[in-house]
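Report on one structure; see the data block that follows.
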Amino acid sequence: MTKSTPAKYADARRTLDLDPATIRKARSLARKAGAPVVSLAKRHTTVSVERATLRLAGLEGADVEGIPWVNRLVDVVREQVGLEHGVALPVWDAMLRTNDDLITVAQKAAAGSLTFRIPEGHEASRAGKVSRAGVSAGMRRIDANRKQRDKLIGKYGNPPAPWIYLIVATGDIYEDIPQAQAAAREGADVIAVIRSTGQSLLDYVPEGATREGYAGTYATQENFRLMRAALDETSAELGRYVRLTNYASGLCMPEIASLAGLERLDMMLNDSMYGILFRDINPIRTFVDQRFSRQIHARAGIIINTGEDNYLTTADAVEAAHTVTVSQLLNEYFAKEAGLEDWQLGLGHAFEIQPDVPDSFRLELAHAMLARALFPEAPLKWMPPTKHMTGDIFKGFLHDGFFNLAGALTGQGILLVGMMTEAVVTPWLSDRDLALQNVRYVFNTAGNLHEDFRPAPDGFIARRARQVLGEAVDLLERVVDDSLLEAIGDGTFGLMKRPAHAGRGLDGVIKKASGYLNPAADLLDEGVAR
Amino acid sequence: MSASTSSAKAAKTIVRPYGDTTGDGMVQMSFTLPLPHDKKAEGAALQLAKKMGIDPAMVVHAKAMGPDFTFFVVYGSVQHLVDLRDVHVVERDYPLLSPKEVNSAVKKVLRRPLVVVGACIGTDAHTVGIDAILNIKGFAGEKGLEYYSELTVVNLGAQVSVPDLVEQARVHKADAVLVSQVVTQRDAHLHNTREMSAAFREAFPADKRPLLVIGGPRFDESMTVELGVDRIFGKGTTPGEVASYLVHSLLGERKKANRP
Numbered sequence: 073m074t075k076s077t078p079a080k081y082a083d084a085r086r087t088l089d090l091d092p093a094t095i096r097k098a099r100s101l102a103r104k105a106g107a108p109v110v111s112l113a114k115r116h117t118t119v120s121v122e123r124a125t126l127r128l129a130g131l132e133g134a135d136v137e138g139i140p141w142v143n144r145l146v147d148v149v150r151e152q153v154g155l156e157h158g159v160a161l162p163v164w165d166a167m168l169r170t171n172d173d174l175i176t177v178a179q180k181a182a183a184g185s186l187t188f189r190i191p192e193g194h195e196a197s198r199a200g201k202v203s204r205a206g207v208s209a210g211m212r213r214i215d216a217n218r219k220q221r222d223k224l225i226g227k228y229g230n231p232p233a234p235w236i237y238l239i240v241a242t243g244d245i246y247e248d249i250p251q252a253q254a255a256a257r258e259g260a261d262v263i264a265v266i267r268s269t270g271q272s273l274l275d276y277v278p279e280g281a282t283r284e285g286y287a288g289t290y291a292t293q294e295n296f297r298l299m300r301a302a303l304d305e306t307s308a309e310l311g312r313y314v315r316l317t318n319y320a321s322g323l324c325m326p327e328i329a330s331l332a333g334l335e336r337l338d339m340m341l342n343d344s345m346y347g348i349l350f351r352d353i354n355p356i357r358t359f360v361d362q363r364f365s366r367q368i369h370a371r372a373g374i375i376i377n378t379g380e381d382n383y384l385t386t387a388d389a390v391e392a393a394h395t396v397t398v399s400q401l402l403n404e405y406f407a408k409e410a411g412l413e414d415w416q417l418g419l420g421h422a423f424e425i426q427p428d429v430p431d432s433f434r435l436e437l438a439h440a441m442l443a444r445a446l447f448p449e450a451p452l453k454w455m456p457p458t459k460h461m462t463g464d465i466f467k468g469f470l471h472d473g474f475f476n477l478a479g480a481l482t483g484q485g486i487l488l489v490g491m492m493t494e495a496v497v498t499p500w501l502s503d504r505d506l507a508l509q510n511v512r513y514v515f516n517t518a519g520n521l522h523e524d525f526r527p528a529p530d531g532f533i534a535r536r537a538r539q540v541l542g543e544a545v546d547l548l549e550r551v552v553d554d555s556l557l558e559a560i561g562d563g564t565f566g567l568m569k570r571p572a573h574a575g576r577g578l579d580g581v582i583k584k585a586s587g588y589l590n591p592a593a594d595l596l597d598e599g600v601a602r
Numbered sequence: 234m235s236a237s238t239s240s241a242k243a244a245k246t247i248v249r250p251y252g253d254t255t256g257d258g259m260v261q262m263s264f265t266l267p268l269p270h271d272k273k274a275e276g277a278a279l280q281l282a283k284k285m286g287i288d289p290a291m292v293v294h295a296k297a298m299g300p301d302f303t304f305f306v307v308y309g310s311v312q313h314l315v316d317l318r319d320v321h322v323v324e325r326d327y328p329l330l331s332p333k334e335v336n337s338a339v340k341k342v343l344r345r346p347l348v349v350v351g352a353c354i355g356t357d358a359h360t361v362g363i364d365a366i367l368n369i370k371g372f373a374g375e376k377g378l379e380y381y382s383e384l385t386v387v388n389l390g391a392q393v394s395v396p397d398l399v400e401q402a403r404v405h406k407a408d409a410v411l412v413s414q415v416v417t418q419r420d421a422h423l424h425n426t427r428e429m430s431a432a433f434r435e436a437f438p439a440d441k442r443p444l445l446v447i448g449g450p451r452f453d454e455s456m457t458v459e460l461g462v463d464r465i466f467g468k469g470t471t472p473g474e475v476a477s478y479l480v481h482s483l484l485g486e487r488k489k490a491n492r493p
């Protein structure tokens, strides 16, 4: 896998005259804040982690009511013997006893004709062994997909940074496909299929090809497969590997991450705190799910995109600039702990300062350069203005131009293309075309301007970057003193107060017993396929 | 010069778009036709403009977007006239109050905080609108309702189900319920609003029902009766307008009800 970030921006730290000791301190504070959460995550499992395990072992499909078999099976196991030991032991024990395959066990369980137990001793080790063999099939498929991606990228090469990221969102996968292919032909390097509003709150992953969604298309294994196949076609036609993105966030992070690995998606939105803050998902549920899903992404060679841009849509982009930095550092810590490498960290940030603020462009440059300086090897995800897009499309087009220019000057790795009709309509064909013209104009005329762009060491931009870093360190110190969970409960991020004992999906969090077994987690921890 | 000015004033009930000369009727528009870019496509764009009442029309820009589509920018003079006597809008029918005036009115008349419960309902996850009105941060330089000392604000956030909203309104003894709807795909905002107002009508006797206020960028402000709500606020509404309306509507009625 090729690194996408040009080394030429690596001197941003020196340009801004950031103190290396301060940066080290910020990272060490992020580790201190995150470590207790990781250990909490390791002590728990969730219904979605257990369902993901079954999906990796190949359990697909749904019953007549559309409830996935993984949900039916996990629910029955939980009802009968609990999930404290994981789903694998009771399920593979039942398979050994009945000589049935996984789907039959699921169907029998749903019909109420199967009694589960927690095997012990020799029977437990046997069930553990076969469950590991079952799940390793999924791991091998994820590994093969990663190899296949590397092969295709080797054949076509990577596009130059920034990668142009475009969104499709019709609600109908069969409408999305031609739109995505058209967007790729128009120049998109990355296609994101926006999910249907509300999917993040479903405690199951819908099945099959779907044709109706609100403001987006459901993330399903079949939709993933169809879109990846279509983009493979288009990649071959264009001689350029077109990446596919979807969203892991929500109540089913581990499952969606697994499906993405199984169907060779290339990027996933995966933020450590987004679900907590913006979907009111229970913090513990989120951190457990997030860790498992990121381990899968690490294994699958998937680039994650984090969601710091969202904070700035609720909080003020100047006042809260340092919360973005803090979140980036936390996301980096959690990501690396889960095995992701620098090139996989599409840390998010956004151009969301109120444009009437004097010097707003200089402030944006300071924030964007700070992110570049702190994470020189990460392909940062640069998000366009949305909050202050008003319906004045002419002003919006100019605003997007400045966003693109800031992206060019600060070496952003993934550029989400801004639409002048943001806040008006879901993008039209012409909106996308105009937006891409905007990007091309800026990068054609000023793409190399960063070579000449050296903010004065004691000028406005460098001072602002140092100030934000300082505020980030102060905030991290407070977070470490209070604990991260308390900081989240106090409304530190995005002004949203989310206590650890509340929120959606809490009832799906289970404390592990001492005999807990999860073959998927073991294979991920060990980094092996069998 | 003076003659034309005075005649323009006299004819102020009839207007046409203004480009650079009174009465020139100039408009600009852009659109896409599902045609490859060629002479015929430009002719098609002109014909469309003409049918829209733009005559003469000029295709000032035409650009192929892939092999099957062409984007056009058209300028021209529109033949239609607008008669202002036939234009009907929902004008603000309440006085704008400052936060101080709102607080003192609530204190004086209600003698307890006025409770506002807000939410985005259905699958809508876009809290931008409700947050702009409720969060202390506010919108357009005005502080949100949380800033008002005599208002108690309960912001339930995104994706709240209608039964939950009704329940929370009951628990908090809401005087007013504010609902924001941004997503309009398949008229979701209209369906959700109707469902919400019906649920409140069912759950509360008419005189106990909280004031139902909805807001969103794509609502028609005159649809209150059709949607079963008390007030609709459109794009650009500020917290101060909402607070003033609440005072006008809730305290005004109370005053009336208390009369012997």
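First to last, the protein sequences are chains A and B. For the first sequence, the residue numbers in my numbering are 73 to 602. For the second sequence, the residue numbers in my numbering are 234 to 493. A virtual CB, placed ideally from N, CA and C, is assigned to each residue, including glycine.
- In summary, TYR513/A is exposed, with fewer than 16 beta-carbon neighbours lying within 10 Å of its beta-carbon over all protein chains present.
- With a threshold of 16 other beta carbon atoms within 10 Å, HIS573/A falls short and is exposed.
- When DSSP states are grouped into helix, strand and coil, MET568/A belongs to the coil group.
- About 6 Å separates the beta carbons of TYR290/A and GLN271/A, which is inside the 8 Å limit, making them a contact pair.
- The region 567-587 of chain A makes no contact with the region 272-281 of chain B; the number of CB pairs closer than 8 Å stays below 3.
- Look at VAL600/A here: in three-state DSSP terms it is coil, with no helix or strand label.
- With a threshold of 8 Å between beta carbons, THR395/A makes no contact with chain B.
- Contact between ILE363/B and ALA352/B holds: CB atoms are separated by about 7 Å, below the 8 Å threshold.
- Within its own chain, the residues whose Cβ lies closer than 6 Å to the Cβ of VAL339/B, once the five positions on either side in sequence are excluded, are LEU347 and GLU383, listed in chain order.
- Chain-ordered, the chain A residues with CB closer than 9 Å to the CB of PHE304/B read LEU501, SER502, ASP505 and LEU506.
- Taking all protein chains in view, the Cβ of TYR251/B is surrounded by fewer than 16 other Cβ atoms within 10 Å, so the residue is classified as exposed.
- Residues of chain A whose Cβ lies closer than 7 Å to the Cβ of GLY371/B do not exist; the shortest such Cβ separation is about 11 Å.
- Note on geometry: alpha-carbon atoms of ALA392/A and GLU151/A lie some 45 Å from one another.
- If only complete runs of 4 or more residues are kept, the region 284-352 of chain B shows the alpha helix (DSSP H) at 332-342, in order along the chain.
- Within chain A, the residues placing a beta-carbon under 8 Å from that of ASP364/B are THR386, ordered along the chain.
- Taking a Cβ-Cβ threshold of 8 Å, none of the residues of chain B is close to LEU487/A; the smallest such distance is about 20 Å.
- In the DSSP assignment, LEU266/B falls within the unbroken beta strand (DSSP E) covering 259-266.
- Contact with chain A is absent for THR470/B, since none of that chain's Cβ atoms lies less than 8 Å from the residue's Cβ.
- Per DSSP, reduced to three states, the secondary structure at TRP500/A is coil, with no helix or strand assignment.
- Nearest in C-alpha terms to SER344/A, of all of GLU335/A, ARG357/A and LEU334/A, is ARG357/A.
- Fully contained in the region 456-515 of chain A are the following beta strand (DSSP E) runs of length 3 or more, in chain order: 486-488.
- Secondary structure of VAL109/A (DSSP, three-state): helix.
- The C-beta separation of VAL415/B from GLY390/B comes to about 14 Å, leaving the pair out of contact by the 8 Å criterion.
- The way I'd put it, the region 470-478 of chain A doesn't touch the region 131-151 of chain A; fewer than three beta-carbon pairs between them come closer than 8 Å.
- Between the alpha carbons of LYS245/B and TYR308/B lies a gap of roughly 25 Å.
- In the three-state DSSP reduction, GLY154/A falls in the coil class, being neither helix nor strand.
- Per DSSP, the unbroken alpha helix (DSSP H) holding ASN425/B starts and ends at 421-436.
- Only GLY390, ALA391 and GLN392 from the region 380-405 of chain B bring a Cβ to less than 8 Å from some Cβ of chain A.
- For ARG213/A, the enclosing alpha helix (DSSP H) stretches over residues 193-228.
- Comparing C-alpha distances from ARG464/B to each of THR255/B, SER482/B, GLY473/B and GLY258/B shows the shortest one belongs to SER482/B.
- Cα atoms of ARG434/A and GLY463/A: separation of roughly 24 Å, rounded to the nearest angstrom.
- At a beta-carbon threshold of 8 Å, the residues of chain A lying near GLY299/B are ALA254, ARG257 and GLU258, ordered along the chain.
- Leaving aside the five residues that flank VAL390/A on each side, the residues in its chain whose CB is nearer than 7 Å to its CB run, in chain order, ILE425, VAL429 and LEU435.
- For VAL361/B, the neighbours in chain A by C-beta distance under 9 Å run, in chain order, THR385, THR386, THR458, LYS459 and ALA495.
- In this model, GLY229/A and GLU543/A are separated by some 40 Å (Cα to Cα).
- For the pair of segments examined, the region 269-286 of chain A was found not to touch the region 518-537 of chain A: the number of CB pairs separated by less than 8 Å stays below three.
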